[in-house]
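Offset between the sequence shown (1-based) and our numbering: plus 36.
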Amino acid sequence: MNFQVEKAILVQVLQRIQSATEKKTTMPILNNCLIKASADGTVEFSATDLELSLWTKIEAQVITEGKSTASARKLLEIVREIPQNRISFELDAPRGRLLVQAGRSRFELSTIPAEDFPNIDLYQDLPLVSCDTNLLRRALQKTLYSIPMEEETFSAPGLLWHFTEENDLRFVSSDGHRLAYYEVPAGAFPGLEITREIIVPRKGVQEIHRLLEKETEASIGVDDRSLVLRTPSTFLSTLLLDAEFPEYEMIIPAERPFGITLATDVLYPALKRVALVTDPTYRHVKFIITKNCLELESGNPELGNANDIIDVDYDGEDFSVAFNVKYVMDCISVMESSTIRFEWVDQFHGGIFLAPEDKGYLSLIMPMVV
């Protein structure tokens, strides 16, 4: 195998591919990416952690076809540091080394034979439908933040996708302390068949979102075990989680008799200010609502306390509740709205945060006892 490729293209490819490798594994091959140079002037790069797989193809000057595997992370580190714009790769098969050269710089990387690399199913027979890449990216962005980490066990570490009774597609995440959902109208993904609730793992959601940030055209498909996304140059597949998602609808109050509307560019900076002196463990901020007034209050015995007052249009009962300030700021940061609607029932139910100009979005945050 021997080929030459432009650095700028290679950096983008390796950044994309290395994110699919498995960092903590007893199988060294999962740290590697598969590199396959073909006589048609293309080079394929593949990586997998056995749950998430990525494949991409670029044009290159292929001198000799062939294939091998090498550390994806180390390749990216090397390529980033090379100042030249063109980089050559040559496989020394008898010695099991991949030679990377540019100018007067030369690297030799250990390889593992391509035959040891896991087979990546490209799902050639799975029907794919065109999707609105911008809408899908926004849906993932607005729900990604409340997907629990894998080590958290009280909720499924993934994003629920399901069609509602109105045939809208809803994306839902919850880590047990907060919940976010984003709903897109029926017809936004014409032809997409999801006959049951599916849960896409956190890593899969992250990689799909990252891929869609740079793509304007994509197709998507789902079968019993996997979700597949294909763009003109890249293929991604992720296994679905075999897990039960909590019955989330029962914790969202249907009737919310109280509420206030706030300017986003007023509330968010105020939260940032009072967050400076919150308790580092619990980070609670108290919302104290009285007639035409919202007071944000925080405190830390070792640092002091803070208060910030915001004028609001409110003439109901006095009310106070505490939230983790990070959770509130996370949900506001993904809203595409100049105003925020905060609604509540009482201090025992979760507070609801809505974006009047971003109709499909809802966030619920559970109150804290302080």
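Glycine included, every Cβ here is placed at the ideal spot set by N, Cα and C. Quick caveat, the model's predicted, so the values are computed rather than measured.
N-terminal and C-terminal residue of the alpha helix (DSSP H) that residue i is part of
i              : result
serine 369     : 361–369
asparagine 170 : 169–177
When the options are compared against residue i, the one with the closest alpha-carbon
i              : options                           : result
serine 373     : Glu393, Val364, Ala358 and Val381 : Glu393
isoleucine 230 : Ser82, Arg238 and Pro163          : Pro163
leucine 400    : Leu298, Thr314 and Glu285         : Glu285
leucine 90     : Ser209, Phe271 and Phe125         : Phe271
proline 193    : Tyr181, Leu145 and Asn203         : Tyr181
valine 264     : Asp157, Glu58, Pro119 and Cys69   : Asp157
cysteine 18    : Tyr350, Ser210 and Met37          : This structure cannot settle anything about residue 18, because the visible part of the chain is limited to 37 through 406.
proline 237    : Met63, Ala279 and Leu248          : Ala279
cysteine 167   : Glu249, Pro226, Ala56 and Ala106  : Pro226
alanine 224    : Val165, Thr105, Leu111 and Val361 : Val165
serine 356     : Thr100, Arg142 and Asp382         : Asp382
leucine 215    : Phe199, Glu233 and Ser191         : Ser191
valine 348     : Ile324, Thr317, Arg292 and Leu205 : Ile324
Neighbourhood of residue i by C-beta distance below 7 Å, restricted to the same chain and skipping five residues each side
i             : result
glutamate 251 : Thr169 and Thr267
glutamate 113 : none
leucine 248   : Thr169, Leu172, Arg173 and Ala254
Residues that DSSP places opposite residue i in a beta bridge
i                 : result
proline 237       : Gly194
arginine 377      : Thr297 and Leu390
valine 321        : Phe359
glutamate 95      : Thr78
aspartate 347     : Cys329
glycine 340       : Asn336
methionine 185    : In the DSSP output, where bridge partners are listed per residue, methionine 185 has none listed.
valine 405        : None, per the DSSP bridge assignment.
glycine 257       : Val264
phenylalanine 199 : Leu205
valine 165        : Ile256
Continuous beta strand (DSSP E) stretch holding residue i: start and end
i              : result
arginine 109   : Per DSSP, arginine 109 belongs to no beta strand (DSSP E); it is in the alpha helix (DSSP H), 108–117.
arginine 140   : Taken as a continuous stretch (DSSP letters only), arginine 140 belongs to no beta strand (DSSP E), as it is neither H nor E.
aspartate 85   : Note, aspartate 85: premise wrong, no beta strand (DSSP E); not H, not E.
isoleucine 65  : Note, isoleucine 65: premise wrong, no beta strand (DSSP E); not H, not E.
isoleucine 123 : 122–128
arginine 266   : 262–266
threonine 270  : 270–275
Own chain partners of residue i with C-beta closer than 8 Å, once the 5 adjacent residues on each side are dropped
i            : result
tyrosine 304 : Met365, Ile368 and Ser369
threonine 61 : Asn67 and Asp85
arginine 122 : Gln40, Val41, Glu42, Lys43 and Ala138
lysine 407   : Since the first residue shown for the chain is 37 and the last is 406, residue 407 is missing from the structure and cannot be characterised.
Simplified DSSP state of residue i, which is helix, strand or coil
i              : result
lysine 103     : strand
glutamine 40   : strand
glutamate 331  : strand
methionine 286 : helix
lysine 250     : coil
tyrosine 304   : helix
leucine 50     : helix
glutamate 219  : strand
valine 208     : strand
isoleucine 156 : coil
arginine 292   : coil
Spatial neighbours of residue i in its chain, beta-carbon cut-off 6 Å, leaving aside the 5 residues before and after
i            : result
leucine 332  : Ala306, Val310, Val321 and Asp344
valine 258   : Ile230
glutamine 51 : none
alanine 342  : Val310, Val313 and Ser334
glycine 387  : Trp380 and Ile401
lysine 103   : Lys72 and Ala150
C-beta neighbour in chain C for residue i, strict 8 Å
i             : result
isoleucine 94 : Going by chain labels, chain C is absent from the structure shown, which holds only one protein chain.
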